Each structure stands twice: as C-alpha cells, then as structure tokens.
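Asks: Chains as they are written, first to last, in my numbering: chain B, 1 to 252; chain F, 1 to 424.
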Amino acid sequence: MTPRKRYGMSIDIDKCNGCGACMMACAVENNVPPVPEAANDRKGITWIRVYRVDNHRAYPERRTAYVPVLCQQCGHDTPCVHVCPQQAVDVDPETGIVGQMPERCLGCRYCMVACPYHARYFNWWDPAWPAGMEKTLNPNVAPRMRGVVEKCNFCHGRWHAAQQKAAAAGKREIDAADYVPACVEACPTGALRFGDLDDPSTEVAHDAARPESFRLLEKIGTEPKIHYRSQRDWVRDIANAPHPDGKDQHRG
Amino acid sequence: MDREFIARGLQRSSPGRFLLWILPWAALLAFGLYCAGLCLAKGLNQTNMDNRFAFGLWIFLDLTVIALGAGAFLTGFLLYILKLDELRAVINSAVVIGVVCYSGAVSALMVDVGQPLRSWFTFWYPNVHSMLTEVTFCISCYLTVLLIEYLPIVLRNRKLRDVPSFLVFEHKLHNLVYVLAGVGTFLSFFHQGSLGGLYGVLRGRPFAFREGFAVWPSTFFLFILSAAAVGPSFILLTTKLVETLSRKRLVRPTVYSLLARVSGLLLAVYVLAKAVDTLVWINRTSPGHGFLASQYYSWKPFGTWILFAEIVVFGMLPALVMLTPRLRAHNGWLVGAAAMACGGVALNRFVMTVQTLALPTLSFDSFVSYYPSWQEVGTFLAVVAYGVLLYSFSFRYFNLFPEERELRLEAAVHEEESALAGRY
C-alpha cells in the first residue's frame, strides 16, 4: 500500500556542530532513561546518535564533520520489519514511519542484527530515573521495559497529539507545523528538517532533490528516508561502505 | 536397586564410580543454572552483548549444536527411509544426541531473549516473512518429534518393561518410527536451512547476505548440507569417545566406515557448493551492494586465512580422509577427520554469527569486538554439562548401542578360544 504521507528528514551536515541538543531533546521527549553506571557506550540507549567523522588527513588538511544517525525509516524491503518473528515492527501505511511495538517485542534482537545503521537499541536494564526526575516524564510516551528493543519513531507521540488537535478542530489533515519531531525542534543551527517527502512544496522534499543530497548505504537498496547533504566531497563519501585499509576511511 | 535398571547382558560401572563421574558435571550444571538464573532475574545486562553485538556466544552455540545434532535426523532418514540397516547400531545414540543438542539449544535461547515469557507470541502473531519464525516453528516441532523418538528408548528400560502398558505404548510408538523419521527429516531440512537463512537474508549485512533460489538465500542450502555432513561425524566422534571412556566395543568397524563415507561424501558436496557460493558472493553479490569482499578480510584478526581454513583445512581435507578407504580404516585419521569436520562447521557458524556482527557497515563506524561474560560462559557450560549428564544416564540405563551385548559375547568367546588355544 502506498503511504498517504512519506515522512522523512533532511540533515545538513555542514550545519551540524555536534552539540548533541537533538540527542537530549529526543531522550526527554521519548522518556529514554539515563544510562546506568554499569553501561558502556555500546549499551546505552539514544535514538539519535551523533558521530564525529574526519577526513583522515593530518593537520592542517584535517577536517571534521558531525553526522546524526537515527532510524533511517527504510522504505523498501525494510530489514527490521521482515526479520521480526512476531510482527513487533511494522511500517505505518499512513505515514511510512517504521514503528516498534515494545509490548509485543520478544527481545530476540534479530532486528538489531538486521539493521545496517545500528539504529536500534535494546533495554539491557530496567528503565530508571534519578529520584524526582520521574516527574519530568512525558505522559504521552510510555517508557519501555527491560528486555525489549526500541528506536526512533519520529516522535510518534507528537504525531498522535497533532492528529487529536486536527480532529478536535474538525480537520482530516494535520497541520504540518503541529508535527515536528523533538530533535528537529531542538537543533540550534536548523540542520535538521522534517516533512512529507512526497509533497514537493515541503523543504525536506526540496532538500532531498538537491544534487549534494545523499543517503547512507543507498546501494543496499533499502530506500532510507533520511537525506543527508553536504557541499564537501569527502563528507558525501561517508554514504559508501567502509574502506578499512584505504586512505578514504572515515573515523567515527 | 541400580542394577535392576541396567539392561541384561550389559556391563556398567559401579554406582560409586558412576556417581564420581556425574558429580563434577552436576556441579558444573548447578553453576551454569546459577549464571542463567542471574541473566533471567537481573536481565541481559549480565552479558557482554551490546547494541552492536546483539548476538553473542549463545547464538553461536545454538547454531553449532543444532548442526552437530543433525546426525539424529540423517541417521533416521538413512536407516528407516533408505534402509541402511547397519546404522541401527547407532540410531538410539543419535536420537539421544539429537535430544541433547536441540533441548540444550532451546534452553539457551530461552535465556537469550529479553522477554522469555513472550515466546508464545511467535506462534500467535507469526511473521511469515521471518526466517526466525520458520526456525521457531520447525525447532519446536522437531524437538517434540525427538522426544517422541526418545520415549521408546526410555520405555525399553529393563525395569520399565515390567509395566505392561508401557510395553504396549512403546510398541505403538515403535510402529510410528518410519513416519517420525520422515517428519523429522522434513522439519530438520527446513530449520537447518532457516538457521542459515537467518543470516543470508540480511540485506543490511553484506558480509552475510547471499542471493539464492526463490525466497531462500544460498546459506539456507549450505547450512542443510553442512549440518547433514557433520551429523554423522559427530555420532562417530561421540561413539568413539564413549567406547574409550567405558572401555567397551559398542559398534562394529563397518558402522564407523559407513558413517565416515556418508559424512565425507556430503562434506565434499558441501565444500564444492560453498566454494561456488563464495565466488559468486565475492564477484557479484557483495560488489553489487557497494562492498568489496576484500574489505571484510582487512579487519584483523579476520583475514582470508579464515576462509581458507573453513573451505580447505576443515572442509576439503577431512572429506578426502573420510572418502579414502585406506585412511579412514586408520583410527587416528578417522577420528581426526571427524573432529575437523565438526570443527569446520563450528568455524562456519562462528563466521556467520561473530564475524558478521564485528564488521562495520557504515563508513564511519568501527570494527568491534566482543568477549562473553562469565555468566554467558557459565550458561554455555550448563548446556554442555546437561548434555553429558543426559547422555551418561541414557548410556547407563538404556540400551543405546544394540550391538553392545553381541560384541561383548563375541569378545568373551574370542577370549575363551584364545585361552584354550594357549592351554593346548
């Protein structure tokens, strides 16, 4: 079924300064718990992760860029959807957003193995917040329990809220201004943009069509809906596969 | 009391000796259960798996033991469907090995998932496109078949035979054996394949992704072939090991020779198929996804040596040994080749599980490593200890090798004849 909308994001890498505001905003919006003390950097949960990459050259030619990586909302042959044994992952035909149902998740982590972007996270611990901090939790988003997988869903709680607002106003369509993911809202440089990729009037559709736009690992054919862009050739090269022994390797 | 449970005509160690044998394994099992309990009670934070290494030691273990346990279905198929009657000598042992491997793997899986109580969801909300659904269905069904096949072995116990209804039930189950062999082969064919398919379908992991036939990637067929090839080798190895430990002859040399021939032949076909598959992957599949195959082997320690070891050292060599009559007649070569074949399948499963996850897919991500935690190792050891214990009890109280009694009598007659010849 063709989605009525095809929500996607454009990220201007040349504007991203790696401040991490998107990560913080995401965690607050989606009730992502703080990382326990025992966790290492590969056990924590962050639905959007900012990687630092460089051009692998020595000073003074050395250049650095920051690449926010979140669920790429693959639109074709979505790797995580067809591997989940119990249909806990699906693509919403209304929005094209890849959704995760923690209530149905077995915690087998096969979807994490399948995801080429490493954008899925497992709850290795029970979610816990420091005393008092639970009062800051977002009531529109259910915290996930231990033993299930979670990931970015383009702030699904906000989409629901926008729908309710539209319904209350007697409208069938939501106002685009009412549905903006937290990371996009929080980005101080405006590097992140969000909208319907199928609507040519949106900024994000315009960005996706620009010649300097690219998607990560496009060749594997999963049609991701996160469009990155950069004026710099070496940054655009990060879309390709790793080259461990070559000079073009980018360090994250 | 203990003596009454041991089949007539069989010699087994004294209860004290047997207790000494099982005690360390029972202690290991207790430790392993403690480790598994920690993982279940406190969560998978007890393991060293993480968001990048989402599968670890346990999945490697599951894939390996299920491949080694394939001897159960293949022996049943060869004996009951293809009528290779010599294999009757090892069929009971093969069934016990199958029960051990499959029940051990399922138990480890129960600890490995984050929400074990939701396992039934897979049956209730099955995703028919997922290889893991196929694996779950087929393994559950096949484990049930194996338990039904194990039941007559238990019911033929000397003491249990005294209960007439058990005897009738055992007879009725025995009549089903041909159906069970057929069903077991069918189910095994699919779940061994689906385990290979688990990785072969991963478009997002070009190191593992393979093209294939219809909905099945080539790894589906390679896993079936490799499991069928090493199954008889593992039966051969375990039988030799039991013979050594119990200091008894359990089967005739012709049985070993047949197992080796079957294993060698299937291994040769597997090695050929694997070599062709690797060439297609290197030259077409991987470059088509933007990944040069050479890059996978640039991340140390996973050099091309691992491919060479998998195909030549642990594939071609043992196949040649087992297919050469002069070499397989020699005990050392035979056991060595069977062990190498089993090692080869373990290496292949290691490559598919561990190497696949260690390699980065994004250009700015790094190569990652993983070492299992002591809780993971303990749980792994629990499966090993459980296997040894179940097999030990089965060997002691059930007639796992039907030729054992006959061979013992032959040996006794031979000894008597030698003594008489010496006297006159």
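We put the beta carbon where it would ideally sit given N, CA and C, even for glycine. The structure presented is a predicted model; accordingly, all values stated were derived computationally and were not measured.
Opposite B:Gln100 in the DSSP bridges: which residues?
Replies: DSSP, once it has assigned bridges, lists B:Val89 as partnering B:Gln100.
Asks: Which chain F residues are close to B:Gln87, counting only those with a beta carbon under 7 Å from its beta carbon?
Replies: Those are Tyr125, Asn127, listed as they occur along chain F.
Asks: If you draw a straight line from the C-alpha of F:Val106 to the C-alpha of B:Pro85, how long is it?
Replies: For F:Val106 and B:Pro85, the distance between alpha carbons rounds to 16 Å.
Asks: Taking its Cβ as the centre, do 16 or more other Cβ atoms sit within 10 Å of B:Pro242, making it buried, or is it exposed?
Replies: Under this definition B:Pro242 is a buried residue.
Asks: Go ahead and label F:Gly315 buried or exposed: buried means 16 or more other beta carbons lie within 10 angstroms of its beta carbon, across all protein chains shown.
Replies: So F:Gly315 counts as buried.
Asks: Among all the DSSP beta bridges, which residues are the ones paired with B:Ala186?
Replies: Answer by DSSP bridge pairing: none, since B:Ala186 is not bridged.
Asks: Measuring CB to CB, does B:Val79 end up less than 7 Å from B:Cys115?
Replies: Per the sequence presented here, residue 79 of chain B reads as Pro, with Val not at that position. In this structure, B:Cys115 lies closer than 7 Å to B:Pro79 by Cβ.
Asks: Identify each residue in the region 44 to 61 of chain B for which the Cβ-Cβ distance to at least one residue of chain F is less than 7 Å, and report them in chain order.
Replies: Cβ contacts with chain F: Tyr51, Val53.
Asks: Please classify F:Ile81: is it buried, with 16 or more other beta-carbons within 10 angstroms of its beta-carbon, or exposed?
Replies: Exposed, by the Cβ-count rule.
Asks: Hey, does F:Asp62 have any beta-carbon neighbour from chain B nearer than 7 Å?
Replies: Not one chain B Cβ lies under 7 Å of F:Asp62.
Asks: Would you say F:Thr238 reaches chain B, if we count a Cβ-Cβ gap shorter than 7 Å as a contact?
Replies: No, F:Thr238 lies away from the interface with chain B (no Cβ there is under 7 Å from its Cβ).
Asks: Bridge partners for B:Lys151 per DSSP, in chain order?
Replies: Partner(s): B:Arg120.
Asks: What did DSSP end up calling B:Gly195 once you bin it into helix, strand or coil?
Replies: Reduced to three states, the DSSP call for B:Gly195 is strand.
Asks: How about the region 345 to 362 of chain F and the region 201 to 213 of chain F: do they share at least three Cβ pairs that are nearer than 8 Å?
Replies: Counting Cβ pairs under 8 Å, three or more are found: they touch.
Asks: Excluding sequence positions up to five away, which residues of its chain have a Cβ less than 8 Å from the Cβ of F:Ala443?
Replies: What the structure shows of chain F is the stretch from 1 to 424, and residue 443 of chain F is not part of that stretch, so it cannot be assessed.
Asks: Determine which residues share a DSSP beta bridge with B:His227 and list them.
Replies: Partner(s): B:Ser10.
Asks: Do three or more CB pairs link the region 219 to 239 of chain B to the region 285 to 303 of chain F at distances below 8 Å?
Replies: Touching, yes.
Asks: Buried or exposed: where does F:Met322 fall if 16 or more other Cβ atoms within 10 Å of its Cβ makes it buried?
Replies: Buried: at least 16 other Cβ atoms inside 10 Å.
Asks: Leaving aside the five residues before and after B:Ala208 along the sequence, list all residues of the same chain whose C-beta is less than 8 Å from its C-beta, in chain order.
Replies: Excluding residues within five positions, the ones whose Cβ falls inside 8 Å are Gly8, Ser10, Leu197, His227.
Asks: Do you know offhand how far F:Ala7's Cα is from F:Arg158's?
Replies: For F:Ala7 and F:Arg158, the distance between alpha carbons rounds to 5 Å.
Asks: Note down, in chain order, every chain F residue with its Cβ under 7 Å from the Cβ of B:Asp77.
Replies: The contacting residues are Arg203.
Asks: Write down the C-beta distance between F:Phe220 and F:Gly184 rounded to the nearest angstrom, noting that I regard them as a contact closer than 8 Å.
Replies: No, F:Phe220 and F:Gly184 are not in contact; Cβ-Cβ is about 18 Å, not under 8 Å.
Asks: Report the CB separation of F:Leu266 from F:Leu225 in whole angstroms; it is logged as a contact under 8 Å.
Replies: Sure, about 6 Å apart at Cβ, within 8 Å.
Asks: May I have the straight-line CA-CA distance separating B:Val204 from B:Val50, to the nearest angstrom?
Replies: Between B:Val204 and B:Val50, the C-alpha separation is close to 20 Å.
Asks: Any chance the region 86 to 94 of chain F sits against the region 371 to 378 of chain F, with 3 or more Cβ pairs inside 8 Å?
Replies: Because the criterion of three Cβ pairs below 8 Å is not met, the region 86 to 94 of chain F and the region 371 to 378 of chain F do not touch.
Asks: Mind checking who B:Ser213 pairs with in its DSSP beta bridge?
Replies: B:Arg229.
Asks: Looking only at its own chain, which residues have a Cβ that is under 8 Å from the Cβ of F:His174, when we skip the five neighbours before and after it?
Replies: Taken in chain order, the residues that qualify are Pro152.
Asks: Count the C-beta pairs between the region 115 to 134 of chain B and the region 128 to 145 of chain F that are closer than 8 Å, then say yes if the count reaches three, no if not.
Replies: These segments do not touch.
Asks: If contact means a Cβ-Cβ distance below 8 Å, which residues of the region 101 to 125 of chain B contact chain F?
Replies: So the close ones are Arg104, Cys105, Leu106, Gly107, Cys108, Arg109, Tyr110, Met112, Val113, Ala114, Cys115, Pro116, Tyr117, His118, Arg120, Tyr121, Phe122, Asn123, Trp124, Trp125.
Asks: Name the chain F residues that come within less than 9 Å of B:His243, Cβ to Cβ?
Replies: Result: Leu292, Gln295, Ser298, Ser363.
Asks: My output table needs one value for B:Asp54: the three-state DSSP class, helix, strand or coil.
Replies: Strand.
Asks: Taking the continuous beta strand (DSSP E) assigned at B:Ile65, which residues delimit it?
Replies: Residue identity differs from the one stated: residue 65 of chain B is Ala in this sequence, not Ile. Taken as a continuous stretch (DSSP letters only), the beta strand (DSSP E) holding B:Ala65 covers 64 to 70.
Asks: Unbroken alpha helix (DSSP H) runs of length 4 or more, entirely within the region 350 to 421 of chain F: which are they?
Replies: For the region 350 to 421 of chain F, whole alpha helix (DSSP H) runs of length 4 or above, ordered along the chain, are 374 to 397.
Asks: Can you pull the chain F residues whose beta carbon is under 8 Å from the beta carbon of B:Arg42, in chain order?
Replies: Correct list: Asp50, Asn51, Arg52, Phe53, Val368.
Asks: Along chain B, in chain order, which residues have C-beta atoms closer than 7 Å to that of F:Val113?
Replies: Near F:Val113 (Cβ distances below 7 Å), the residues of chain B are Leu106, Gly107, Cys108.
Asks: Which parts of the region 120 to 166 of chain F are runs of the alpha helix (DSSP H), unbroken and 4 residues or longer, counting only runs that do not cross its ends?
Replies: Taking only runs of at least 4 residues, the alpha helix (DSSP H) segments lying wholly in the region 120 to 166 of chain F are 121 to 124, 131 to 155.
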